[in-house]
Amino acid sequence: MTQITRRAVIGGVGALAAGLHTGIASARILPATMVPLIGRGYRPVDADEKGLWQQVERVEEEIAGSNILLHDPGVTSYLRALIGKVGGPAASDMRIYLAHVPEFNAVMFPTGFAIVFSGLLLRMRNEAQLAGVIAHESGHFLRKHQLRQFRDIKKKSDIFSAVSLLGGMVGGAAGVGTGNLQQLAELGTVASLFRYNREIEAEADAMGVKLLAGAGYAPTAMPETWQQLIDEQNLSARYRRKHRDRGYSLFETHPAPESRMADLRASAAEVTVPGRSYDDGRARYLSTIAAIRPMLLDDQVKLNDPGASLYIVQTLAQDGWSGPLRFAEAEIWRLRGDPRQRDAERAAAGYSAAVQLPDAPADAWRWHGVMLQKAGRTAEARAAYSRYLAMAPAAPDAPFVRQQLTVMGG
Ligand SMILES: [Zn+2]
Numbered sequence: 014m015t016q017i018t019r020r021a022v023i024g025g026v027g028a029l030a031a032g033l034h035t036g037i038a039s040a041r042i043l044p045a046t047m048v049p050l051i052g053r054g055y056r057p058v059d060a061d062e063k064g065l066w067q068q069v070e071r072v073e074e075e076i077a078g079s080n081i082l083l084h085d086p087g088v089t090s091y092l093r094a095l096i097g098k099v100g101g102p103a104a105s106d107m108r109i110y111l112a113h114v115p116e117f118n119a120v121m122f123p124t125g126f127a128i129v130f131s132g133l134l135l136r137m138r139n140e141a142q143l144a145g146v147i148a149h150e151s152g153h154f155l156r157k158h159q160l161r162q163f164r165d166i167k168k169k170s171d172i173f174s175a176v177s178l179l180g181g182m183v184g185g186a187a188g189v190g191t192g193n194l195q196q197l198a199e200l201g202t203v204a205s206l207f208r209y210n211r212e213i214e215a216e217a218d219a220m221g222v223k224l225l226a227g228a229g230y231a232p233t234a235m236p237e238t239w240q241q242l243i244d245e246q247n248l249s250a251r252y253r254r255k256h257r258d259r260g261y262s263l264f265e266t267h268p269a270p271e272s273r274m275a276d277l278r279a280s281a282a283e284v285t286v287p288g289r290s291y292d293d294g295r296a297r298y299l300s301t302i303a304a305i306r307p308m309l310l311d312d313q314v315k316l317n318d319p320g321a322s323l324y325i326v327q328t329l330a331q332d333g334w335s336g337p338l339r340f341a342e343a344e345i346w347r348l349r350g351d352p353r354q355r356d357a358e359r360a361a362a363g364y365s366a367a368v369q370l371p372d373a374p375a376d377a378w379r380w381h382g383v384m385l386q387k388a389g390r391t392a393e394a395r396a397a398y399s400r401y402l403a404m405a406p407a408a409p410d411a412p413f414v415r416q417q418l419t420v421m422g423g
């Protein structure tokens with residue numbers, strides 16, 4: 014399955030947890046008023062809900078067996094533990110899957126399973142931020158938002174559209190497994206009907222903040238995440254010449270206008286215990302994702318969305334530059350390759366900075382070598398290539414690099 018396909022797919026699925034409505038400004042929903050509507054071992058009650066569950070259980074089966082999931086035992090058990098902490102009374106019933114999709118998103122399905130996108134893991138600076146997103150999604154399950162939405166759709170249209178909506182969801186999920194483009198497209202259109210309105214989102218925010226604080230995390234991690242999302246989108250737009258539709262991103266499905274940010278900040282302040290020191294779990298988080306982070310960076314950079322990628326790299330670098338971060342920064346410019354912006358020079362400078370760091374990836378040495386060779390700095394290029402070959406002797410391009418060494422003589 015191509016990257017575009019994966020993104021299109023989950024876009025459709027993502028719309029399940031959506032909310033584009035702007036609506037009329039209303040009073041903030043107070044975290045204290047948010048109580049879970051379901052408890053442990055919850056089962057569907059009436060016919061509507063039973064039908065919904067039945068269909069969504071098939072969706073989960075498809076997703077659980079699909080090639081879209083990232084299977085890293087360390088990360089998946091970590092995610093499971095995390096939803097266990099912020100999932101409220103139904104936490105032990107919830108399931109969580111990690112999808113290999115470079116988008117800033119996470120979704121919760123009506124039966125209590127969540128999908129976290131790998132692009133979300135890339136962007137989170139610490140455990141508290143990730144826990145905040147998961148808490149928000151748990152809020153949707155605990156408040157039975159999907160059922161409320163399903164009933165709304167039934168009321169507004171008719172039973173047949175509601176049923177075909179579910180059919181489309183299942184068909185689309187089957188597409189996730191099989192890579193069937195038609196089905197994937199169907200999932201995108203049909204599931205986009207399943208968008209939450211602003212009030213439902215506000216409830217999930219209030220419930221989420223409460224769950225987050227209850228688990229001992231600083232509730233301010235939640236508005237921090239939304240701010241990152243807004244800033245990333247702004248920088249992405251500034252670098253893009255023409256607008257690219259990202260209707261499947263968290264930004265589109267979870268709009269964060271100023272009023273929502275203000276509400277989130279107020280709610281976070283309300284549930285923060287004065288004088289208490291909160292652990293953001295950064296060290297634990299970073300060590301958990303350390304092994305997959307270079308891949309997550311690579312996925313993002315390859316989207317060729319320089320504004321967003323640059324924002325992400327620079328945000329993560331606030332916690333310290335690393336070889337993979339410097340390498341990713343250089344790759345952003347190399348892939349854009351705009352001569353008027355002197356991208357080649359910027360990339361060369363980036364590779365050069367990356368190889369100064371002890372954890373520089375092998376590819377940084379290779380590209381550093383390429384740039385030096387182009388600049389006619391043969392001896393240094395040879396040294397960089399040799400270092401690359403020592404680190405990645407079995408790389409597919411190793412024979413080519415050896416040949417370059419020969420060409421350069423010595
Ligand atoms: Zn939401």
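Every position in the sequence shown, counted from 1, becomes a number in this note's numbering once 13 is added.
Just so you know, even glycine gets a beta-carbon here, dropped at the ideal spot from N, CA and C.
For alanine 217, verify whether its CB is less than 6 Å away from any heavy atom of ligand 1.
-> Taking the sequence shown and counting its residues from 1, one reaches residue 217 at position 204. Yes, Cβ of alanine 217 sits closer than 6 Å to a heavy atom of ligand 1.
Beta-bridge pairing of phenylalanine 413 - partner residues as DSSP gives them = In the sequence shown, counting from the first residue as 1, residue 413 sits at position 400. Answer is none; phenylalanine 413 lacks a bridge partner.
Going by other Cβ atoms of all chains shown within 10 Å of its Cβ, with 16 needed for buried, is proline 238 buried or exposed?
-> Sequence index remark: in the sequence shown, residue 238 carries index 225 (1-based). Strictly speaking, residue 238 in this sequence is threonine, with proline absent from that position. Classification of threonine 238: buried, given that the 10 Å Cβ count is 16 or more.
Could you spell out the range, first to last residue, of the beta strand (DSSP E) harbouring methionine 121?
-> The count along the sequence shown starts at 1 and reaches residue 121 at position 108. 119–121 is the span of the beta strand (DSSP E), which, as asked, contains methionine 121.
Taking only beta-carbon positions, decide if methionine 308 is within less than 7 Å of chain D.
-> Going by chain labels, chain D is absent from the structure shown, which holds only one protein chain.
Could you tell me whether any non-hydrogen atom of ligand 1 is closer than 6 Å to the CB of glutamate 214?
-> Counting from 1 along the sequence shown, the entry for residue 214 is found at position 201. Within the cutoff, so yes.
CA nearest to the CA of phenylalanine 340, picked from Pro352, Lys315, Pro406 and Tyr110 = Taking the sequence shown and counting its residues from 1, one reaches residue 340 at position 327. The candidate whose alpha carbon is nearest that of phenylalanine 340 is Lys315.
Determine the extent of the alpha helix (DSSP H) in which leucine 433 is found, giving its start and end residues.
-> With the chain covering 14 to 423 only, the question about residue 433 has no answer from this structure.
Within the same chain, show all residues whose beta-carbon is closer than 6 Å to that of alanine 219, passing over the 5 residues directly before and after it, in chain order.
-> One-based indexing of the sequence shown puts residue 219 at position 206. The answer, listed in chain order, is Ile42, Pro44, Met47 and Ser280.
If you draw a straight line from the C-alpha of valine 203 to the C-alpha of isoleucine 166, how long is it?
-> The sequence position of residue 203 within the sequence shown is 190, counting from 1. The sequence position of residue 166 within the sequence shown is 153, counting from 1. Here the model assigns valine 203 a pLDDT of 43, short of 50, so the residue's position is not dependable, and the following value carries that caveat. Straight-line Cα distance between these residues: approximately 12 Å.
In whole angstroms, what separates the C-alpha of alanine 411 from that of arginine 379?
-> Start at 1 with the first residue of the sequence shown, and residue 411 comes out as number 398. Start at 1 with the first residue of the sequence shown, and residue 379 comes out as number 366. Cα-Cα distance, rounded: 10 Å.
Taking all protein chains shown into account, do 16 or more other C-beta atoms lie within 10 angstroms of the C-beta of glutamine 369, making it buried, or fewer, making it exposed?
-> Residue numbering aside, residue 369 sits at position 356 when the sequence shown is read from its first letter. It is exposed - the Cβ of glutamine 369 has fewer than 16 other Cβ atoms within 10 Å.
Have a look at Val420, His84, Phe154 and Ile147 and flag the residue whose alpha-carbon is nearest the alpha-carbon of alanine 119.
-> Taking the sequence shown and counting its residues from 1, one reaches residue 119 at position 106. It is Ile147 whose Cα lies nearest to the Cα of alanine 119.
For tyrosine 110, the first and last residue of its enclosing beta strand (DSSP E) = The sequence position of residue 110 within the sequence shown is 97, counting from 1. 108–112 is the span of the beta strand (DSSP E), which, as asked, contains tyrosine 110.
Could you check how far apart the C-beta atoms of leucine 111 and leucine 65 are, in whole angstroms? I think they sit under 8 Å.
-> Here residue 111 corresponds to residue number 98 of the sequence shown, with the count starting at 1. Here residue 65 corresponds to residue number 52 of the sequence shown, with the count starting at 1. Actually they are not in contact, since the Cβ atoms of leucine 111 and leucine 65 sit about 24 Å apart, beyond 8 Å.
Nearest-angstrom Cβ-Cβ length linking alanine 231 and tyrosine 291, presumed shorter than 8 Å | Stepping through the sequence shown from its first residue, residue 231 is reached at position 218. Stepping through the sequence shown from its first residue, residue 291 is reached at position 278. The Cβ separation is near 4 Å, so the contact holds.
Proximal residues to methionine 421 (C-beta, below 6 Å), its chain only, five neighbours per side dropped = Working through the sequence shown from its first residue, we reach residue 421 at position 408. The answer, listed in chain order, is Thr391 and Arg395.
Check each candidate in His149, Asp276, Val69 and Gln241 and name the one with the smallest Cα separation from valine 99.
-> What you label residue 99 is simply residue 86 of the sequence shown in a count that begins at 1. If we check each option's Cα against that of valine 99, His149 comes out closest.
When Leu385, Ala360, Ser399 and Lys387 are compared against phenylalanine 375, the one with the closest alpha-carbon = Residue 375 sits at position 362 when you count from the first residue of the sequence shown. It is worth fixing the name first, because residue 375 is alanine in this sequence and not phenylalanine. For alanine 375, the nearest C-alpha among the options comes from Ser399.
Going along the chain, which residues of its own chain have a beta-carbon closer than 8 Å to the beta-carbon of alanine 397, five neighbours each way excluded?
-> Position 384 of the sequence shown, counted from the start, is the residue given in the question as residue 397. Around alanine 397: Val368, Trp378, Arg379, His381, Gly382 and Leu385.
Do tryptophan 346 and aspartate 332 have their C-beta atoms within less than 7 Å of each other?
-> Here residue 346 is taken as the residue at index 333 of the sequence shown, counted from 1. Here residue 332 is taken as the residue at index 319 of the sequence shown, counted from 1. Contact flag unset, no.
Tell whether a beta-carbon distance below 7 Å holds between aspartate 244 and alanine 141.
-> One-based indexing of the sequence shown puts residue 244 at position 231. One-based indexing of the sequence shown puts residue 141 at position 128. No, the pair does not count as a contact, with Cβ atoms beyond the cut-off.
Alanine 407 in three-state terms, based on DSSP | Position 394 of the sequence shown, counted from the start, is the residue given in the question as residue 407. The answer is coil: DSSP assigns alanine 407 none of H, G, I, E or B.
Local conformation of isoleucine 51 per DSSP, three classes | Position 38 of the sequence shown, counting from 1, holds the residue named residue 51. Reduced to three states, the DSSP call for isoleucine 51 is coil.
How long is the line joining the alpha carbons of leucine 323 and serine 131, rounded to whole angstroms?
-> In the sequence shown, the residue the question calls residue 323 occupies position 310. In the sequence shown, the residue the question calls residue 131 occupies position 118. In a straight line, the C-alpha of leucine 323 is about 18 Å away from that of serine 131.
Under three-state DSSP, which class holds alanine 127?
-> To locate residue 127, count along the sequence shown from 1; it is residue 114. Of the three classes helix, strand and coil, the one that applies to alanine 127 here is strand, per DSSP.
Exposed or buried, arginine 138, counting other C-beta atoms within 10 Å across all chains shown (16 or more means buried)?
-> For the purposes of this step, residue 138 is identified with residue 125 of the sequence shown, where counting begins at 1. Burial call: buried.
Identity of the residue in Val129, Pro337, Glu74 and Val72 nearest isoleucine 96 by Cα = The sequence position of residue 96 within the sequence shown is 83, counting from 1. The shortest Cα separation from isoleucine 96 among Val129, Pro337, Glu74 and Val72 belongs to Val129.
Hey, how far is the Cα of glycine 424 from the Cα of phenylalanine 126?
-> Lying outside 14 to 423, the shown extent of the chain, residue 424 is not represented and no answer is given.
Can you have a look at alanine 226 and say buried or exposed, based on whether 16 or more other CB atoms are within 10 angstroms of its CB?
-> Against the sequence shown, residue 226 aligns to sequence position 213. Alanine 226 should be labelled buried.
Taking alanine 366 as part of the alpha helix (DSSP H), name the residues at either end of that continuous run.
-> Counting from 1 along the sequence shown, the entry for residue 366 is found at position 353. Its alpha helix (DSSP H) spans residues 356–367.
By Cβ distance, which residues of its chain are closer than 8 Å to leucine 85, with the 5 residues on each side in sequence left out?
-> On the sequence shown, residue 85 is found 72 positions in, with the first residue counted as 1. Checking the sequence, you will find aspartate at residue 85 rather than leucine. Once the five neighbours on either side are set aside, the close Cβ partners of aspartate 85 are Leu111, Ala304 and Ile305.
Between aspartate 430 and alanine 408, what straight-line distance do the alpha-carbon atoms span, to the nearest angstrom?
-> As shown, the chain starts at 14 and ends at 423. That puts residue 430 outside it, with no answer to give.
For glutamate 70, the nearest candidate out of Leu309, Asp318, Phe122 and Arg156 (CA to CA) = Looking up residue 70 in the sequence shown gives position 57. Ranking Leu309, Asp318, Phe122 and Arg156 by Cα distance to glutamate 70 puts Phe122 first.
Would aspartate 372 pass as a contact of serine 335 if the rule is Cβ separation under 7 Å?
-> As a working mapping, residue 372 is identified with position 359 in the sequence shown. As a working mapping, residue 335 is identified with position 322 in the sequence shown. Yes. Within cutoff.
For glutamine 246, does the count of other Cβ atoms within 10 angstroms reach 16, so buried, or fall short, so exposed?
-> Within the sequence shown, the letter at position 233 stands for residue 246. Label assigned to glutamine 246: buried.
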